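*Asks:* I'd like to ask you about the structure that follows.
And the structure:
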């Protein structure tokens, strides 16, 4: 498309967005807009959290008079820490630190017991830090397993996450943990020395983070723009990992924070949040929450469609039937959206798909991509957070998505979004334009995709079929091609 034409299209689209969002609210109540003031009864398919028996997660960590970690004197912190979607902390307020500040934490750690899929993190946080990956954090992490062949063990890692949910770090092992020759830390109660250090001037000013276990050290530089994006730390201590999982028992002592020795010979009376007692948890991977809710996170009047949807190999969707569409039809969707929560390595599709193809898909996406889809793909690597980009899959395997796109953060802010497919664009092959507020990304179809074609009979949310974590998304005031009365 010539530059002047693209400029005109963008200008017209932007004006229309402003009209829809605020200047003429009666338009949002028009018959061709779904305002969700009542439950429309969308179809749920796949594992639904309503069918999940409630599960009790136990937290029991804080100060202890014991000496498991082998400190110079009795008294330590730790206990039983469980992965849970509910935040649990034991920490102390500290003077504000940032990624412009040198930071160190060191001490002794004893890993007493690990279940499968367990973890804990210890280090610098913000009082508002919550979720996985945890924004405003720089930590020592133990990620534990209990395998029949290898027994109980943990991998040690140094993690950080900026104030805008972009994460990085490294492990205390060579290469990938799946194939490394570096032995993990056994869950045998043996104390180990550890240290995590951050130098803002390391790696030629990019910033460098390191981790050491029993004197052996590994280093890496911060990822691009992460130091400039920044983080704010005003708490120091223990926090659980906020994804579903199990428990570990771990203790720490002889802790030095930025070189200062912390005394645990007596109870330091740090602040505890959900760190003692049982938590009833009605959500776990891969059980999706798919509901109409009388809320207005997306910015409209009360009433919206919301999901907490997991990346999982089994198919799932929350959608409504539409009149049949194909790649020969112009296709449009738009509305309000709020992205209010996410774990790392998570994502969801919002758009058009074929329900039978989706239900029959048993192969993970990383082996075979999804067919008969045309959608917004809300997903991205942990170093970035989440992109808002276009994706498609034709009937016989041809597929594509943008390598990048507008970045959206799980901050709960109301946004306007749209998806437009023009079958005549791209020399008649077809092109998708996805917009998030004033930003847009364009994806041209491949010729083989247009030749294969695709059919769509549903609009809504559908999952990514590759293991990962969850996103929380709400939509409201939507209109889309193929809407039925």
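Numbering (my numbering), first residue to last: -16 to 468. Positions of the beta carbon are idealized from the N, C-alpha and C atoms, including for glycine. Quick caveat: nothing in here was measured; it's all calculated off a predicted structure.
Which residue's Cα is closest to the Cα of residue 255: 73, 441 and 58?
*Replies:* Taking the first residue of the chain shown as position 1, residue 255 is located at position 272. Out of 73, 441 and 58, 73 has the C-alpha closest to the C-alpha of residue 255.
*Asks:* Return the residue from the list 176, 206 and 199 that minimises the CA-CA distance to residue 189.
*Replies:* By 1-based counting over the chain shown, the position of residue 189 is 206. Here the closest residue by C-alpha is 206.
*Asks:* Whether or not the region 379 to 386 and the region 334 to 349 are in contact is what I'm after, with contact meaning three or more pairs of Cβ atoms, one per stretch, closer than 8 Å; do they touch?
*Replies:* no
*Asks:* Return the chain-ordered ranges of every beta strand (DSSP E) run that is complete within the region 200 to 250 and spans a minimum of 3 residues.
*Replies:* 215 to 223 and 230 to 240
*Asks:* Could you check the C-alpha separation between residue 191 and residue 285 for me, to the nearest Å?
*Replies:* Looking up residue 191 in the chain shown gives position 208. Looking up residue 285 in the chain shown gives position 302. About 46 Å.
*Asks:* Per DSSP, residue 105 forms a beta bridge with which residues?
*Replies:* Taking the chain shown and counting its residues from 1, the one referred to as residue 105 is at position 122. DSSP lists 123 and 221 as partners of residue 105.
*Asks:* Between the Cα of residue 259 and those of 41, 15, 17 and 16, spot the shortest distance and give me the residue it belongs to.
*Replies:* The residue given as residue 259 occupies position 276 in the chain shown. Nearest to residue 259 by C-alpha distance, out of 41, 15, 17 and 16, is 41.
*Asks:* Do you know whose CA, among 262, 337, 110 and 75, lies nearest residue 444's CA?
*Replies:* Translated into positions along the chain shown, residue 444 becomes position 461. Closest option to residue 444, Cα to Cα, is 337.
*Asks:* What are the boundary residues of the beta strand (DSSP E) that residue 87 is part of?
*Replies:* Translated into the one-based positions of the chain shown, residue 87 becomes position 104. Note, residue 87: beta strand (DSSP E), 86 to 97.
*Asks:* Figure out for me which residue from 418, 310, 233 and 28 has the closest Cα to the Cα of residue 429.
*Replies:* Indexing the chain shown from 1 puts residue 429 at position 446. Closest by C-alpha distance to residue 429, out of 418, 310, 233 and 28, is 310.
*Asks:* Let's see if you can read the secondary structure: which residues bound the alpha helix (DSSP H) around residue 259?
*Replies:* Taking the first residue of the chain shown as position 1, residue 259 is located at position 276. It is not in any alpha helix (DSSP H) - residue 259 instead sits in the beta strand (DSSP E) that spans 259 to 264.
*Asks:* Around the Cβ of residue 263, are there at least 16 other Cβ atoms within 10 angstroms (buried) or fewer (exposed)?
*Replies:* As a first step, residue 263 must be located in the chain shown, where it is residue number 280. Burial call: exposed.
*Asks:* Would you mind stating whether residue 45 and residue 91 have Cβ atoms separated by less than 7 Å?
*Replies:* Counted from its first residue, the chain shown places residue 45 at position 62. Counted from its first residue, the chain shown places residue 91 at position 108. No; because the gap between Cβ atoms is not below 7 Å, this pair is not in contact.
*Asks:* Is it true that the region 17 to 25 meets the region 277 to 293, where meeting means three or more beta-carbon pairs spaced less than 8 Å apart?
*Replies:* yes
*Asks:* Counting Cβ pairs closer than 8 Å, one from the region 192 to 206 and one from the region 149 to 168, do we hit at least three?
*Replies:* yes
*Asks:* Within its chain, find whatever has a CB closer than 7 Å to the CB of residue 470; leave out the 5 residues flanking it on each side and keep chain order.
*Replies:* The chain is shown only over -16 to 468; residue 470 falls outside these bounds and no answer can be derived.
*Asks:* Beta-carbon separation of residue 288 and residue 272 under 7 Å?
*Replies:* As a working note, residue 288 is residue 305 in the chain shown. As a working note, residue 272 is residue 289 in the chain shown. Their beta carbons are not under 7 Å apart, which means residue 288 does not touch residue 272 by this criterion.
*Asks:* List in chain order: all unbroken alpha helix (DSSP H) runs of 4+ residues lying wholly within the region 283 to 355.
*Replies:* 338 to 343
*Asks:* What residues match up with residue 193 in a beta bridge as DSSP calls it?
*Replies:* Counting from 1 along the chain shown, the entry for residue 193 is found at position 210. 180 and 202, per the DSSP bridge assignment.
*Asks:* If residue 368 and residue 115 are in contact, beta carbons under 8 Å, what's the gap, nearest whole angstrom?
*Replies:* Along the chain shown, read from residue 1 onward, the residue named residue 368 stands at position 385. Along the chain shown, read from residue 1 onward, the residue named residue 115 stands at position 132. Wrong, their Cβ atoms sit about 13 Å apart, outside the cutoff.
*Asks:* Beta strand (DSSP E) containing residue 432: first to last residue?
*Replies:* The residue you call residue 432 lines up with position 449 of the chain shown. Run containing residue 432: none in the beta strand (DSSP E); it sits in the alpha helix (DSSP H), 430 to 435.
*Asks:* Relative to the C-alpha of residue 26, which residue among 432, 274 and 257 is closest?
*Replies:* Position 43 of the chain shown, counting from 1, holds the residue named residue 26. Of the candidates 432, 274 and 257, the one whose C-alpha sits nearest the C-alpha of residue 26 is 274.
*Asks:* Report buried or exposed for residue 150, applying the criterion of at least 16 other Cβ atoms within 10 angstroms of its Cβ.
*Replies:* Position 167 of the chain shown, counting from 1, holds the residue named residue 150. Result: buried.
*Asks:* What did DSSP end up calling residue 32 once you bin it into helix, strand or coil?
*Replies:* Position 49 of the chain shown, counting from 1, holds the residue named residue 32. Looking at residue 32 - three-state DSSP - the assignment turns out to be helix.
*Asks:* Bridge partners of residue 277, per DSSP?
*Replies:* If you number the chain shown from 1, residue 277 lands on position 294. Residue 277 pairs with nothing; no bridge assigned.
*Asks:* Any chance the region 449 to 465 sits against the region 317 to 332, with 3 or more Cβ pairs inside 8 Å?
*Replies:* Under the 8 Å Cβ criterion, the region 449 to 465 counts as touching the region 317 to 332, having at least three qualifying pairs.
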